[in-house]
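Read the structure below first, then the notes.
Residue numbers (the numbering used here), protein chains in the order written: chain Z, 225 to 432; chain D, 4 to 629.
The structure is reproduced here in structure tokens:
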């Protein structure tokens, strides 16, 4: 754990230094990056919000509904966010595990139009194993959601949701993210899975 | 020869920039003192460095992909894939991975340290995609590498042989088809080693469970619905529906078709059960003169009842018993079931890739339920157009009257043609030709070829007379052919033609197959040759084989590709124990199947062709073994 802590300390210090300049500091490479602002990444108006929407720290996770480490650590993440009470959590869909991941993301975003994003997201993150369409549908139905409604809601706002997913992928690429999960806490970037301690430290850094 | 796959330099550039920026900030804040190595340890590596891909061209053809996997990283077996530039997916032969139990990801097969995949030869550049994770860290998006086209020379030049290649002629005692050992084995002349390709059913199941398998096979069935395997079923079902006569609505048409289709699907799943029980493909076993003859008689009976109801005026008692088989009111559903069942087993005994895949899956795993279920789904898929025809076709049929009588007559002849076609499999060829001649005489007379026209005759009557005369003339040609020893209904007079020694024929290179019917014969042929070999399973009764003969073996490109190779036809027409042994030894379920062996008698992975391939598939497979 010492190694990890040192890394986080390091990035925490970095975050303090970089907070004024925002995320642009991380991404000064090439023309596309110039278009990307801190607002774009942390406050994408289309992305559903979890936790406390008025929270003083924004925690972003780039994730996939089939990524093992995203899912394994998701309960820890939600616990930390709930215990803190002042964190705005933004789950950014970045489907990298093929068609089932895309479908899961679409249905969850469709749920956002029906005010059921939190349930859909939590349900899908709690699924076990690799997903296929049948498993996704079953899990959502078991959680009391109507897959046909979710699908219709997604279709209704298809441009908006497809645009959001595409934007997330573009941001991940500009930020140089190598995969899922990747976290942004405040303005610091943390690639890879984070345990509770690491999360709390990162949040503390963001506040300091 | 080794090739490094090109990096996506843009991606690397972006990441490099990002980290340089980070490093600069570290220096600015002063926290970074002497800690630059921290990044190297904890930061996830570039996926192309974590999974270092090298590509070699082994002497047996194709490409060998090797990943060197950094410590703390793993690659998913299921996410390895390859495709050609035009998007066709290429089968990869991979070794068993390590089962990784993950509470949130189930059991997945992964590779640590290194991974290998063997890819069949493919023309042009190919794209390889792989995906993996850093242990307890992050999972990478799929990485796709473009591999340049493999020049023919590099894939078979002797200088490219790996240093550790064992000498030819060593221990060859290993039996064929040992999974995964094909590469390491040495093979002596006259024997063969089969590739261990993951079956399509197992692959589907691994990816998506039983639902995926059933849906997949239903889809395969749909794709096969308009192939020669299913085509004979259209006139059979149409005849069945026409025999219903007036007053049949869409609902009854659909119900009858549904019974027919379910019976057909049941017959297919029965194939799976019998294969599990006896290890034999029932379709092929049923190609006995007895079974084929019995079905031919059924069709004659059906045809007679089609005629008999109005024209032949059979005794009432005959009529009642015959119509029970499918064309009367009573027992029609039973008749549809019998017809559907026999159609699938005997009329179109087609070995298609999905059928072969399911039978082999059952043979290898003993999982009868899933295999039979998959075959049932395959049958249902094949039946979808039949159902549509039943539901909508019934409405098109005329209600009653003279028209209806003619339609019945036409289907009566269709049934007789089925009977003649079936009988042609079991009687001497010339007799088969004579049967066709007789049928055409009958058709010609019924069409009115011998009726008298007068000045007042309308166009319709004249057309019918003309058609009848054409049928009679054809009958005369066929009869002449039969009498002169011809055997092909499409070229009845071939027996009369003087063999042409001239130049016109010399330009036509015809493939010369060495025909074998047993394993010892096959081994004798293999032993006498040190060229690559193609083994083609065929049989007189194999409908698809005729299509292959017309479309594939006559193709100039295929002929050129196969020149210099030993081409063997494994003939299963007279199916006996020796034929079954041949099928078993080559791990095949029936014709048409093509197996490609390299010069050392080893089947190249991913080259086997089952069902009805196109010329380009054959050429691709040939390339892999040359």
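Just so you know, even glycine gets a beta-carbon here, dropped at the ideal spot from N, CA and C. Model, not experiment: these values are computed from the prediction.
Ordered along the chain, which non-local residues of its own chain (more than five positions away) have a Cβ less than 6 angstroms from that of residue 340 of chain D? By the criterion of a C-beta distance shorter than 6 angstroms, residue 340 of chain D is surrounded in its chain by 262 and 266, once the five residues flanking it on both sides are discounted.
9 angstroms Cβ cut-off: residues of chain D touching residue 320 of chain Z:
Simply 134, 142, 143, 144 and 145.
Which residues does DSSP pair with residue 597 of chain D in a beta bridge?
BP columns for residue 597 of chain D point to D/539 and D/612.
Worksheet item: Using the rule of at least 16 other Cβ atoms within 10 Å of the residue's Cβ for burial, across every protein chain shown, is residue 515 of chain D buried or exposed?
Response: exposed
- Task: Using the Cα positions of residue 537 of chain D and residue 568 of chain D, report the straight-line distance between them to the nearest angstrom.
- Result: 7 angstroms
Next on the checklist: Determine, for residue 402 of chain Z, whether the minimum Cβ-Cβ distance to residues of chain A falls below 8 angstroms.
Outcome noted: Of the protein chains in the structure, Z and D, none is chain A.
Proximity test, Cβ basis, 8 angstroms: residue 293 of chain Z and chain D: yes
| query | What is the DSSP secondary structure of residue 573 of chain D, reduced to helix, strand or coil? | reply | strand
Determine the burial state of residue 452 of chain D: buried for a count of at least 16 other Cβ atoms within 10 Å of its Cβ, exposed for fewer.
-> Burial call: buried.
Quiz item: For residue 375 of chain D, which residues of its own chain have a beta-carbon under 7 angstroms away from its beta-carbon, when the five flanking residues on both sides are left out?
Solution: Taking C-beta separations shorter than 7 angstroms and ignoring five residues to either side along the sequence, the partners of residue 375 of chain D in its chain run 272, 275 and 276, following chain order.
As a quick exercise: from Z/333, Z/353, Z/394 and Z/292, pick the residue whose alpha carbon is nearest that of residue 344 of chain Z.
Z/333
- Message: For residue 534 of chain D, which residues in the same chain have their Cβ closer than 7 angstroms to its Cβ, ignoring the five residues on either side in sequence?
- Response: Taking residue 534 of chain D as the centre and dropping the five residues before and after it, the same chain places the C-beta of 567, 568, 569 and 602 closer than 7 angstroms to its C-beta, in chain order.
Per-residue DSSP class, three states only, for residue 415 of chain Z: Reduced to three states, the DSSP call for residue 415 of chain Z is strand.
**Request:** Enumerate in chain order the residues of its own chain whose CB-to-CB distance from residue 576 of chain D is below 6 angstroms, with the five nearest sequence positions on each side excluded.
**Result:** 542 and 543
Quiz item: Helix, strand or coil: which one does DSSP assign to residue 428 of chain Z?
Solution: helix
Between the C-alpha atoms of residue 179 of chain D and residue 319 of chain Z, what's the straight-line distance to the nearest angstrom?
-> Bear in mind that the predicted position of residue 179 of chain D carries a pLDDT of just 37, short of 50, making it unreliable; the figure below should be weighed with that in mind. Distance from the CA of residue 179 of chain D to the CA of residue 319 of chain Z, rounded to the nearest whole angstrom, comes to 43 angstroms.
*Are the CB atoms of residue 419 of chain Z and residue 215 of chain D nearer to each other than 8 angstroms?*
no
- Item | residue 347 of chain Z (DSSP reduced to helix, strand or coil) | helix
Report task. Taking all protein chains shown into account, decide if residue 242 of chain D is buried (16 or more other Cβ within 10 angstroms of its Cβ) or exposed. Result -> buried
Residue environment, residue 122 of chain D, which counts as buried when at least 16 other CB atoms sit within 10 Å
buried
What first and last residue would you give for the beta strand (DSSP E) that runs through residue 317 of chain Z? 311–317
- [ ] Please compile the residues from chain Z whose C-beta is within a distance smaller than 7 angstroms of the C-beta of residue 137 of chain D.
- [x] Within chain Z, the residues near residue 137 of chain D are 416.
Practice prompt. Find the nearest neighbour of residue 116 of chain D within the set D/86, D/71 and D/85, judged by alpha-carbon distance.
Written response: Taking only the C-alpha atoms, the option nearest residue 116 of chain D is D/71.
query = On the premise that residue 478 of chain D lies in contact with residue 519 of chain D, defined as a C-beta separation below 8 angstroms, what is that separation, rounded to the nearest angstrom?
reply = Not confirmed; about 37 angstroms, so no contact.
* Asked: Should residue 281 of chain Z and residue 311 of chain Z be called a contact, given that it needs their Cβ atoms to be closer than 8 angstroms?
  -> yes
- Query: Which residues bound the alpha helix (DSSP H) around residue 372 of chain D?
  - Reply: 371–391
| request: Give a yes or no on whether 8 angstroms exceeds the smallest Cβ distance from residue 405 of chain Z to chain D. | output: yes
Practice problem: Whole angstroms is fine: what's the gap from residue 429 of chain D's alpha carbon to residue 292 of chain D's? | Solution: One C-alpha to the other measures close to 6 angstroms.
task = Please name the residue in Z/353, Z/391 and Z/340 whose C-alpha comes closest to that of residue 371 of chain Z.
result = Cα-wise, what sits closest to residue 371 of chain Z is Z/340.
Check: If you pair each beta-carbon of the region 87–100 of chain D with each one of the region 141–148 of chain D, do three or more pairs fall below 8 angstroms?
Finding: no
* Taking 8 angstroms as the CB-CB limit, is residue 104 of chain D close to chain Z? -> Answer no: the Cβ-Cβ gap between residue 104 of chain D and chain Z never drops below 8 angstroms.
* Asked: residue 63 of chain D CB to nearest chain Z CB: under 8 angstroms?
  -> no
message = Suppose you measure from the CA of residue 475 of chain Z to the CA of residue 389 of chain Z; what does that come to, to the nearest Å?
response = In the structure displayed, chain Z extends from 225 to 432; residue 475 of chain Z sits before or after that span and is not available.
Cα separation between residue 362 of chain D and residue 616 of chain D?
19 angstroms
**Prompt:** Looking at C-beta atoms only, is the number of pairs between the region 294–304 of chain D and the region 382–389 of chain D that lie closer than 8 angstroms three or more?
**Reply:** no
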